[in-house]
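Numbering (this note's numbering), first residue to last: 4 to 239.
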């Protein structure tokens, strides 16, 4: 019998999303507990993650209710740390390749996603930057994608794919709904730019990731859209 694993998450959290994707792709047994980020229970910070952030994982120890985590279970936080933990916990899942060169490429892709995707599109959503940097970031990522490959690295779904997929889902919502603090119409315009021939390889990759059952199972578009609407103060 495998050790218990409980994931504390929020459906609006892109960091939670990538961990849940990895768990599903690894076919790992787990329990999910939704944390209300606007009204976090007191026990969450004292018993799970002192920073009060999601995602967080409890692993091992007695199989108790998520609301009463055991002091005997390991507590693990920070999404990329959890992704590496899951890859170690399920070595046959392919979340990290066995080949050391491919492992390095996966980690580079994860780092590139943080810097060039996450680091560019949220300033755009918040109305602090144009989408030029978003396009530059996507260009950088596109250069890392190999022709003829379905995944970010190698021939199998890895934590690289899990890391970028939540951002792809949110970019899709932004470009289809124009929700954000940017000037009216800029979300749609970004979407049109991404439909051009310059981004064909990226677009095909994004479509593959967005079409995976794990993404469809975990992406709550209504909740994410509601969250993004908090950024709807328009620049006129």
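The beta-carbon is built from N, C-alpha and C at its ideal position, and this holds for glycine as well.
In this text the structure is predicted, and so the values were computed from the model without any measurement.
Can you name the start and end residues of the beta strand (DSSP E) that residue i belongs to?
i, result
"residue 9", "8–12"
"residue 34", "34–37"
"residue 128", "Per DSSP, residue 128 belongs to no beta strand (DSSP E); it is in the alpha helix (DSSP H), 122–128."
Hey, residue i and residue j are a contact pair by Cβ (cut 8 Å); roughly how many whole angstroms apart?
i, j, result
"residue 82", "residue 21", "6 Å"
"residue 167", "residue 90", "Their Cβ separation, rounded to whole angstroms, is 16 Å, which puts residue 167 and residue 90 out of contact at 8 Å."
"residue 225", "residue 170", "The Cβ separation is near 18 Å, so there is no contact."
"residue 67", "residue 73", "5 Å"
"residue 197", "residue 207", "Contact flag wrong, Cβ pair sits at about 11 Å."
Closer than 6 Å by C-beta to residue i: which residues in its own chain qualify, once you throw out the five before and the five after it? Chain order, please.
i, result
"residue 39", "none"
"residue 188", "none"
"residue 16", "57"
"residue 123", "136, 137 and 140"
What would DSSP say about residue i, mapped onto helix, strand or coil?
i, result
"residue 61", "strand"
"residue 78", "strand"
"residue 53", "coil"
"residue 68", "coil"
"residue 136", "helix"
"residue 192", "helix"
"residue 213", "helix"
"residue 229", "helix"
"residue 30", "coil"
"residue 91", "helix"
"residue 156", "coil"
"residue 101", "coil"
How is the alpha helix (DSSP H) around residue i delimited, first residue to last?
i, result
"residue 172", "162–180"
"residue 119", "Element bounds for residue 119: n/a, residue is neither H nor E."
Would residue i pass as a contact of residue j if the rule is Cβ separation under 8 Å?
i, j, result
"residue 12", "residue 23", "yes"
"residue 285", "residue 143", "Coverage of the chain is limited to positions 4 through 239, which leaves residue 285 absent and any answer about it impossible."
"residue 28", "residue 217", "yes"
"residue 177", "residue 231", "yes"
"residue 76", "residue 61", "yes"
"residue 180", "residue 221", "no"
"residue 172", "residue 105", "no"
"residue 80", "residue 52", "yes"
Excluding the five sequence neighbours on either side, which residues of its own chain have a C-beta within less than 7 Å of the C-beta of residue i, listed in chain order?
i, result
"residue 153", "211"
"residue 5", "32"
With hydrogens ignored, establish whether the beta-carbon of residue i is closer than 7 Å to any heavy atom of the ligand ZN.
i, result
"residue 144", "As far as ligands go, the structure on display features none, and thus does not contain the ligand ZN."
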